[in-house]
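Quick note on numbering: the working numbering labels position 99 of the sequence shown as 100, and the sequence is numbered without any gaps.
What follows is a set of notes on a single structure, which appears directly below.
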Amino acid sequence: MQQITRYQLDNDGSYSVVATGVELETSHTELIDNGYSLNADVTVPDNKLISIDQRKKIFAMCRDIELHWGEPVEALRQRFQSELEIMNGYERISLRDCTRKIAGELIELIITFIFHNQIPMRVETSKLLQGDKAMLYWATINRNCVICGEQKADLAHYEAVGRGMNRKTMNHHDKHVLALCRKHHNQQHAIGVKSFDDLYHLHNSWILVDDKLNSMLRGEKQ
């Protein structure tokens, strides 16, 4: 079994480590002996178990789906867990002792399902998911205000676009956005983005524009 026995923090925020139990072929050792480095994929197991908060989110979302479709919570939970097992090649997932990483992936899967199928979300569920990156992303993609849930929201920029810039031709990939209804978008401009973040606890919550969002911001047909 491979083990990391020592580490040192590097300037870029990553770590240099000393590892034991790593299997190498002769060709690998020859390269190292001649002053070359080897590329390696290092995966450190997640030793943190699912949190109570994560369980609450999973069951709350399954309850919302049950209220809309009528399928029981337990059946929904098992269906989503089975889907994640197949997608990522996991052994049987249990909400009793799975890792936080797997629980996070399950939450993201259910959030995606909810937005794709336009499942109404109760206020208490929205509050549980406040600040969740997957929730913010899909709310923005579907143009639901991340503050109040109002539909057909604006795509609000974190960084100023600049006067004279044509939003339909510019590249937005270096920008961050969130879906905000007209009321909250106006409030963001009125009090400034930093005060807006403080008021609604949105620090580090703005979504980096991807190809899908860039296309939406340019007004291209979806």
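Ideal Cβ placement from N, Cα and C applies to all residues, glycine included.
Straight-line Cα distance separating residue j from residue i
{"i": "residue 160", "j": "residue 207", "result": "10 Å"}
{"i": "residue 17", "j": "residue 191", "result": "46 Å"}
{"i": "residue 130", "j": "residue 142", "result": "16 Å"}
{"i": "residue 21", "j": "residue 50", "result": "26 Å"}
{"i": "residue 19", "j": "residue 179", "result": "42 Å"}
{"i": "residue 113", "j": "residue 28", "result": "45 Å"}
{"i": "residue 1", "j": "residue 92", "result": "Look at the range of the chain in this structure, 2 to 223, and you will see that residue 1 is not part of it."}
{"i": "residue 170", "j": "residue 219", "result": "6 Å"}
{"i": "residue 151", "j": "residue 182", "result": "6 Å"}
{"i": "residue 189", "j": "residue 45", "result": "40 Å"}
{"i": "residue 86", "j": "residue 35", "result": "43 Å"}
{"i": "residue 133", "j": "residue 38", "result": "38 Å"}
{"i": "residue 199", "j": "residue 193", "result": "10 Å"}
{"i": "residue 215", "j": "residue 175", "result": "10 Å"}
{"i": "residue 41", "j": "residue 31", "result": "16 Å"}
{"i": "residue 137", "j": "residue 106", "result": "15 Å"}
{"i": "residue 210", "j": "residue 172", "result": "10 Å"}
{"i": "residue 109", "j": "residue 84", "result": "12 Å"}
{"i": "residue 126", "j": "residue 59", "result": "10 Å"}
{"i": "residue 94", "j": "residue 52", "result": "15 Å"}
{"i": "residue 2", "j": "residue 25", "result": "13 Å"}
{"i": "residue 74", "j": "residue 149", "result": "26 Å"}
Buried or exposed by the 16-neighbour rule on C-beta atoms within 10 Å, applied to residue i
{"i": "residue 204", "result": "exposed"}
{"i": "residue 104", "result": "buried"}
{"i": "residue 88", "result": "exposed"}
{"i": "residue 147", "result": "buried"}
{"i": "residue 61", "result": "buried"}
{"i": "residue 78", "result": "buried"}
{"i": "residue 55", "result": "buried"}
{"i": "residue 6", "result": "exposed"}
{"i": "residue 140", "result": "buried"}
{"i": "residue 202", "result": "exposed"}
{"i": "residue 1", "result": "A query on residue 1 cannot be resolved here, the shown segment of the chain reaching from 2 to 223 and no further."}
{"i": "residue 33", "result": "exposed"}
DSSP-derived helix/strand/coil call for residue i
{"i": "residue 168", "result": "coil"}
{"i": "residue 198", "result": "helix"}
{"i": "residue 120", "result": "coil"}
{"i": "residue 3", "result": "coil"}
{"i": "residue 10", "result": "strand"}
{"i": "residue 129", "result": "helix"}
{"i": "residue 44", "result": "coil"}
{"i": "residue 208", "result": "strand"}
{"i": "residue 85", "result": "helix"}
{"i": "residue 203", "result": "coil"}
{"i": "residue 77", "result": "helix"}
{"i": "residue 110", "result": "helix"}
Extent of the continuous alpha helix (DSSP H) to which residue i belongs
{"i": "residue 66", "result": "53 to 70"}
{"i": "residue 214", "result": "212 to 218"}
{"i": "residue 34", "result": "27 to 34"}
{"i": "residue 20", "result": "First-last for residue 20: 16 to 21, but that is the beta strand (DSSP E), not the alpha helix (DSSP H)."}
{"i": "residue 177", "result": "That residue, residue 177, is in no alpha helix (DSSP H); its beta strand (DSSP E) goes 177 to 181."}
{"i": "residue 135", "result": "134 to 142"}
{"i": "residue 97", "result": "No alpha helix (DSSP H) contains residue 97, which DSSP labels as neither H nor E."}
Span of the beta strand (DSSP E) around residue i
{"i": "residue 157", "result": "155 to 158"}
Cβ pair count under 8 Å reaching 3, the region 110 to 122 against the region 62 to 72: For the pair of segments examined, the region 110 to 122 was found to touch the region 62 to 72: the number of CB pairs separated by less than 8 Å reaches three.
Contact between the region 138 to 156 and the region 94 to 106 (3+ Cβ pairs under 8 Å): No, because fewer than three Cβ pairs between the region 138 to 156 and the region 94 to 106 fall closer than 8 Å, the two stretches do not touch.
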